[in-house]
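Trainee: Would you mind keeping the following structure in view while I ask a few things?
What follows is the structure, encoded as structure tokens:
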């Protein structure tokens, strides 16, 4: 969670380097956006602001998903940079991640303690948190090496070994379980016929005030499919907080590529379950409604309430990293009430 834009000079330089490489060519906007993502440019909003300024100067021409790029003089680069910086610096938004919205839904106080008060977080030294980290890393390593390594068995074995080695002594996950999961995940990629797959890409929407990392993004035909990986088990019904995170990540992907995301997937490691989430306006509006509610909550100088979810002590409190700080607040309240 943060307030305002953090303008990164490096992103601006990278975008102009990409555009200069395409001088004199007509390029598909889709291809330009993929180039940006592959070069670590977190927000396509910067690209479109730059293209807009260049079009005003008659250096680029765009039509029907294409952009023709002319020669870009150095003095124009500096002029455009100054104008873009001026525009984005005026944005006064609170930026949140989809995970933070999900946590707010779970428990307003938990997120307040983590992000506003910055309470000490007490994470377990061995167990589920690190098992989840290992699963995410293994998927990332597998996807990054898919093009270079054609032997799928070796690809899965190497990704598993490297991930478990990094978190050695911290994880309880079995190597075979991780390998089986990667095999099924690879089957999903093949079955969906994705032409391009990205893993763990950070995306920022200046307009929406959202920033976050998407586990996997798959491209096929004219569709884009975000995939969220959960170490948890699927128990017949998706938790609302998981749904909210999937919706938020779909908003980010849609914002970046300027295309509607029709559905996303949530994959559950412990049960090897694949759940398809249909993205619609109702879910998107609900996500932004919670974002506004969260901003109002934290603008008031009060301790937010605890979770109101059914069975919250088991569902939320049990694995909470700031439980001790929350317990101290409750103990103080009881003491004040008593005296």
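Numbering (my numbering), first residue to last: 1274 to 1612.
Note that beta-carbon positions come from the ideal geometry of N, C-alpha and C, so glycine has one too.
#1: Kindly indicate the opening and closing residues of the alpha helix (DSSP H) around residue 1376.
#2: Look at residue 1561 and residue 1381 and say whether their C-beta atoms are less than 9 Å apart.
#3: Can you check whether the CB of residue 1392 is closer than 9 Å to the CB of residue 1595?
#4: Could you tell me the distance, in whole angstroms, from the CA atom of residue 1540 to the CA atom of residue 1511?
#5: May I ask which residues mark the beginning and end of the beta strand (DSSP E) holding residue 1449?
#6: Could you tell me which whole beta strand (DSSP E) segments of length 3 or greater appear in the region 1294 to 1349?
#7: Under 9 Å between the Cβ atoms of residue 1300 and residue 1341?
#8: What's the call for residue 1524, buried or exposed, on a 16-neighbour Cβ count within 10 Å?
#9: State the start and end residues of the unbroken alpha helix (DSSP H) segment that holds residue 1595.
#10: Between which two residues does the alpha helix (DSSP H) containing residue 1423 stretch?
#11: Is it true that the CB of residue 1519 sits closer than 9 Å to the CB of residue 1371?
#12: With a cut-off of 8 Å, do at least 3 Cβ pairs link the region 1578 to 1592 to the region 1543 to 1553?
#13: Identify, in the order they occur along the chain, each residue of the same chain with its Cβ nearer than 8 Å to the Cβ of residue 1568, setting aside the five sequence neighbours on each side.
#14: What span of residues does the beta strand (DSSP E) with residue 1402 cover, start to end?
#15: Leaving out the 5 sequence neighbours to the left and right, which residues in its chain are closer than 8 Å to residue 1293 when beta-carbon positions are compared?
#16: Verify whether the separation of the beta carbon atoms of residue 1498 and residue 1534 is less than 9 Å.
#17: Hey, residue 1317 and residue 1528: beta-carbon distance below 9 Å or not?
#18: Are the CB atoms of residue 1291 and residue 1364 within a distance shorter than 9 Å?
#19: Locate the beta strand (DSSP E) running through residue 1504, then write down its first and last residues.
#20: Is it the case that the Cβ atoms of residue 1335 and residue 1324 are separated by a distance below 9 Å?
#21: Looking only at DSSP bridge pairs, what is residue 1497 linked to?
#22: Is it buried or exposed for residue 1485, if we count other Cβ within 10 angstroms and need 16 for buried?
#23: Among 1385, 1322, 1278, 1530, which has the Cα closest to the Cα of residue 1495?
Mentor: Let's see:
#1: 1371 to 1379
#2: Cβ atoms of residue 1561 and residue 1381: not closer than 9 Å.
#3: yes
#4: 11 Å
#5: For residue 1449, there is no enclosing beta strand (DSSP E); the enclosing alpha helix (DSSP H) covers residues 1448 to 1465.
#6: 1299 to 1301, 1333 to 1336, 1339 to 1342
#7: yes
#8: buried
#9: Where residue 1595 is concerned, there is no enclosing alpha helix (DSSP H), given that its DSSP letter is neither H nor E.
#10: Segment: none, residue 1423 is in no alpha helix (DSSP H) and carries neither H nor E.
#11: yes
#12: no
#13: 1367
#14: From DSSP, residue 1402 is part of no beta strand (DSSP E) but of the alpha helix (DSSP H) over 1401 to 1417.
#15: 1345
#16: yes
#17: yes
#18: no
#19: From DSSP, residue 1504 is part of no beta strand (DSSP E); its letter is neither H nor E.
#20: Taking C-beta atoms as the reference points, residue 1335 and residue 1324 count as a pair closer than 9 Å.
#21: Its beta-bridge partners are 1492.
#22: buried
#23: Cα-wise, what sits closest to residue 1495 is 1530.
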